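All residue numbers for the sequence shown refer to the working numbering, where the first residue is 570 and numbers rise by one.
Here is the structure we will look at.
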Amino acid sequence: MKWTDKQQKVIDTRDRNILVSAAAGSGKTAVLVERIIKMITDEENPTDVNQLLVVTFTRAAASEMKERIREALEKMEEDNPNDLNVQKQLSLIHNANISTIDSFCARVVKDNFDKIDLDPNFRIADENEIEMLQSDIVEEMLEEYYLAADDEFMELAEKYSTGKTGDSIGELILRMYKFASGQIEPEKWIKEAISVYDVSSKEEMEQSKWMQGYLELQKNRLEGILSQLNIALTISESEDGPKCAKALTPIIDKLQEITESRTYSAMQSELQNIPSTRVSGKKDCNERKKEQVKAIKNDATKAIKDLTAKQFNLTLNQVFESICETKSSVEYIGKLTLEFMKRLKEQKEEKGIMDFNDQAFFALHILNEYDKDGNLVPSETAKNMATQFKEIMIDEYQDSNIIQEAILSAITKGFGINNMFMVGDVKQSIYRFRNAEPKLFLEKYNSFSDDPSADSVKIVLDKNFRSRREVIESVNFLFDFVMHEKVGGIDYKNGNGLVLGADYDKPPAGQDNSTEFVMVEGGDKSDEAAYVARKIKEITNPETGLKITEKGKDMRPVRYGDIVILLRSMKDNSDIYREQLENNGIPVFSESKTGYYKTMEVMTITNMLSIIDNPRQDIPLAAVLTSPMFGFDSNQLAIIKTENVCESFYDCVEQYSLSGSDVELRTRLTEFLNTLTKFRNMVPYTTVYDLINTLLDETGYAFYIRSMPGGKKRLLNIQALKEKAVAYDETSYKGLFNFLRYIEKIQYLAKDDGEASTVNENDNIVRIMSIHKSKGLQFPVVFLCNTNGTSKNEANQLVSGADGNIGIDCINNKLKTKQTPLLKTYIRMSNKEEDVAETLRILYVALTRAKEKLYITGLVKNAEKQIGEFESQIYDNSELMLYNDVIGAKTIMELIGKTIGRNKAFDCVRTDKDATECGNPLYDKDSFIKVKVEEQPDVILGLAAEDITDSIKKETMLMEMKQLANKENASIEKLFQRFQFQYPYIEDITLHSKASVTEIKKQSQGMEQEEEQDAFQAFGEEVELPEIIPDFEKEDIDEPQYLTGAMRGTAYHRIFELLDMELEEYNQETVKKMIDGFVDAGLIDRMGAASVMRKDIIDFTKSDLFRRMKKAYANNQLYREQNFLMGVPACEINSNTTSKETMIIQGIIDLCFVENDKYVIVDYKTDKVDTMEELVERYHVQLECYKLAIEQILGSEPGVNKVSEMIIYSVHLGQQITIK
């Protein structure tokens, strides 16, 4: 492989601390592997592979790196079998120190447990177990404190607890603990955070570190306003400008003076004295420039007033009083947190468990100790370990935290040389929630030298070998403007942008690979998702869709597996996109993270376990009785309750089973109670896993859920619950009661899992994933969606900043007032700055996943208003996006829109055409971005008709009843008449505003009811099910894959759609070659192709129908897989209604062709039937809809306005039949 000069420099540089800033797609992993290979095969100074410590971010990355090294060594051994050093390295590779930081810390702790007096039999606890333990300790602590009723604690509880349960106080303790646990010295950090409140005077507070930090944030905002005013001044003094410097200069001078203020009180005072001026301008000036200057000045004035009112609204006295008022609260929370930490440590030691944070903390203190001045220095253990490693290599260094940095720094220089090699990209640091500290990278980036002979060297890999030019240039255009040192800590424009390194084939004529920025006008997220689905259908069309480069091959049509949809947050979003794609027939894989515990089958099992543990729980008991497991109905429950007046519903059930009036019901309740008693007796000696298994077997519930729609997924959901039971049994908690608490805690802590998936993520399917999960991956086509989604503001009572400050609300119990102290405001503002910086990095990661085509979409309620907001940015001539604009951006779309609004690419939607002459520096740049607005079609949106009708009925009835009640002579009869009111259009309520042809076909045959009946009948039948084996007992068995009937039918339809009409002969050999070609081109997956019998295709080509089709094909009058959407009166397609309400019907016609100036419709069927008449009976309604669609859509076309034939072709029978 040919390396670039910079890559070669990374590979060859030795005996130095090296920081490699590797841009997205720069081949950093390949370069890192090559560096390792060169080091361990250096003939003059070889390094054994086990003398290198390589730390990766994930286990998968470690495995991949080790595998790459092994393959390279095996290739070298093959080329030179007598190379003893290569053979030696191959023998050592299995024990190479290539692992995650967690794995490295685990080795350190296990090898040195005696140094910290640790029980060697410790285990890493499950995350949920640790959180349960923390919760238990907090509850136990607070109970003790409430019983003791200490005055200080009770005052704290009165201020911050919503009730006497202590939940809010517990949350404060756990939040402070979370902040502290990411520090090298947690206890010291808490004490230092509290000491910030220990100020004796206002003057001392004004000089404090946090107050100076607050002033710096405000100065940044003032400098942004100054930049705007200076732009206005430049415009004003230009050749035909309004010449109104007198109105601008006094404000500019005053703001410049304020930015030099050193105290809060001085800045607050000066902000009150901003001069008030008016922009008038010369009479003969350019009117547009005058308005531009006036607009900027007005915006600046408004921003200054906003700053004064919100950030300097408190007097210095009030700021000081709030610090004094909250001091005791912060101190007491700190005291509680320290006690909690002590108890948690004791409990972990007693149980012999630890979490990953503990493991890192133990490794830190094994490898470090304190000198006489209290500084952290390497321990003897670290010095000895350092002699084992000639180089420490850290991958993804931008995601390191301070504890990891201290651990790895302790074992450097073991050979008397600088030997730390760090590679990463600070622009891709997106794990702040895991305590990642990008400042570690930035500090070295700014201090390391470009000189290769220096002790500490910086090398920048900027060439991107992943993406097309259009993707790279569009990314550079955006980030040149929005990412700079003020926000993000790095100047993207100067030396940190992407450089084209990939060599792609030229796209086909007419194909534009520019990035598309699409504003989707609509009411909710489903409208944006629907657009994305339509666009995917469009670009995956084999004939007219997008073409991409196949590595080592010619260009080919894009397929589903090439596409990814990236979302900032999967929660509440991924299901919407998945539903829209599935509705459009697009296969999709989405790793959902919600909904698991709300599924019917999981709720039924957990409710049953709840009443096995304690039957006196009315809601779970009623849910189990009415579930398919036992089959009681609500009327029967009402009878049970009314015949027995007992406090507990369980007592009612017991009483009815003994003396109830209905003998059959009494018998069934006795059977239920016997079953329940049996399971309750099993609890003391049965694991939860075995209890669930027995429950499923003896009730037959597994058979039932398998027979339901989506039965395979439902079984997998139950399987997942059983695996959670296995995981629970390995914790320090035991018994059914604690298992139910375990599950409740998972849900309470918002750790709900997604439903099980029956789709393999390696299939030819569109993937939906979070931006975080996409890091390190690449895709030919990327959709970045939901860019107009907003993130939640920080609303916690207790907040902490990166500089170690803690802020809490100031509450005065006597006055019943609540105030946000300035310190808390400062912490929130500094956190906001960090959040925005990470948002920019997340955006960079998302955009740089794309290889060939990038789509950016966002939902807008009002496209015209949004365009106006974005296009107005052209009047801002700033070279970089101002600090205030970046920090103030609420969404990713706003950042992108306000950037592209300055460019000529926005002209296609721009309404202010004169603005293009204002000389914006971004206007003429080639952005390689196309701007589009997708307006919604005129269809019914929002609420279903049923919801609308119910809402109208209820509101109308309530209003009329109130009117009647207010009349003294309102009669009972009239009131009764109102209650007897019947909606005159009740028939329309049952209609769907939109339906597919398949749904109409089912409705006409009553198939939905039949399927439901079949599912219930199957519940009682003996059905042999495959054994459900938990993951921990599985062996590596290759299970055969199979297709369902529906999937097989889809495969046949796909082959018929792609069928080559120009083959001279159709035989086993030619048909096999044709289908294999479809597979190679990615037009059908291999499993689907294998399910198609070649004989069926050959038989079809011998039919009279195929002969007619070939003739139409030769005349360019053959149409395959034709989508349609039409509106028709409901009564025309549903014989059960007389309503003339319009229904939207959608469907896909398998094939149609023109013959003798009339249309012939063909529908392929793979149903296993005995006669063709069965197919006619099943599908005649479906074909009638197709006929109606063609005649409605093409009715105005001269000479072709009727369908002459409707033909069904049966693959199973090899016959055709015409529907008359």
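The beta carbon of each residue, even a glycine, is placed where N, CA and C say it ideally should be.
The model shown is predicted, which means the values in this text are computed figures rather than measured ones.
Residues in its own chain within less than 6 Å of residue i by CB, not counting five upstream and five downstream?
| i | result |
| --- | --- |
| residue 1787 | 1774 and 1776 |
| residue 1692 | 1717 |
| residue 1248 | 1181 |
| residue 1016 | none |
| residue 1727 | 1771 and 1773 |
| residue 797 | 865 and 869 |
| residue 1119 | 1125 |
| residue 951 | 936, 979 and 980 |
Which of the three DSSP states, helix, strand or coil, is assigned to residue i?
| i | result |
| --- | --- |
| residue 979 | coil |
| residue 1696 | strand |
| residue 1733 | strand |
| residue 1190 | helix |
| residue 1424 | strand |
| residue 1182 | helix |
| residue 829 | coil |
| residue 1508 | No answer about residue 1508 holds up, because its pLDDT of 33 lies below 50 and its placement is not dependable. |
| residue 916 | helix |
| residue 752 | coil |
| residue 855 | coil |
| residue 1336 | strand |
| residue 740 | helix |
| residue 770 | coil |
| residue 1233 | helix |
| residue 1646 | helix |
| residue 687 | coil |
| residue 721 | helix |
| residue 843 | coil |
Counting only beta-carbon atoms, is residue i nearer than 8 Å to chain C?
| i | result |
| --- | --- |
| residue 711 | The question asks about chain C, but that chain is absent: this structure has only one protein chain. |
For residue i, collect the residues of the same chain with a Cβ closer than 7 Å to its Cβ; drop the 5 residues on either side in sequence, then sort them by chain order.
| i | result |
| --- | --- |
| residue 1189 | 1176, 1179 and 1180 |
| residue 810 | 804, 854, 855 and 858 |
| residue 1374 | 762, 765, 779, 1392 and 1396 |
| residue 1004 | 751 and 970 |
| residue 1047 | 1465 and 1468 |
Could you tell me how far apart the beta carbons of residue i and residue j are, in whole angstroms, since I believe they sit closer than 8 Å?
| i | j | result |
| --- | --- | --- |
| residue 1476 | residue 1485 | 7 Å |
| residue 513 | residue 909 | Because the chain in this structure spans residues 570 to 1789, residue 513 falls outside the shown range and cannot be described. |
| residue 1425 | residue 1489 | 21 Å between Cβ atoms; not a contact. |
| residue 1084 | residue 1352 | Actually they are not in contact, since the Cβ atoms of residue 1084 and residue 1352 sit about 11 Å apart, beyond 8 Å. |
| residue 1070 | residue 1033 | 5 Å |
| residue 1356 | residue 1461 | 4 Å |
| residue 1019 | residue 1008 | Contact flag wrong, Cβ pair sits at about 21 Å. |
| residue 964 | residue 630 | 7 Å |
Within 10 Å of its beta-carbon, does residue i have 16 or more other beta-carbons around it, so buried, or fewer, so exposed?
| i | result |
| --- | --- |
| residue 1227 | exposed |
| residue 1480 | exposed |
| residue 1232 | exposed |
| residue 1360 | exposed |
| residue 1065 | buried |
| residue 1449 | buried |
Apart from the five residues just before and just after residue i, which ones in its own chain have a Cβ nearer than 8 Å to its Cβ?
| i | result |
| --- | --- |
| residue 1784 | 1741 and 1778 |
| residue 1616 | 1657 and 1660 |
| residue 928 | 671, 674, 675, 678 and 693 |
If you scan the region 641-682 from start to end, which runs of the alpha helix (DSSP H) of 4 or more residues do you find wholly inside it?
653-661 and 670-680
Which complete alpha helix (DSSP H) runs does the region 937-1003 hold, if anything under 4 residues is left out?
949-955 and 971-978
Output the residue ranges of the alpha helix (DSSP H) runs that lie fully inside the region 1431-1479 and measure 4 residues or longer, sorted by chain position.
1432-1440, 1452-1457 and 1461-1469
Please give the ranges of any beta strand (DSSP E) in the region 1035-1096, keeping only runs that are unbroken, at least 3 residues long and fully inside the region.
If we require 3 residues or more, the beta strand (DSSP E) runs fully inside the region 1035-1096 come out as 1084-1090.
Return the chain-ordered ranges of every alpha helix (DSSP H) run that is complete within the region 789-840 and spans a minimum of 4 residues.
814-827 and 833-840
Whole runs of the alpha helix (DSSP H) within the region 1133-1158, excluding any shorter than 4 residues
Taking only runs of at least 4 residues, the alpha helix (DSSP H) segments lying wholly in the region 1133-1158 are 1143-1152.
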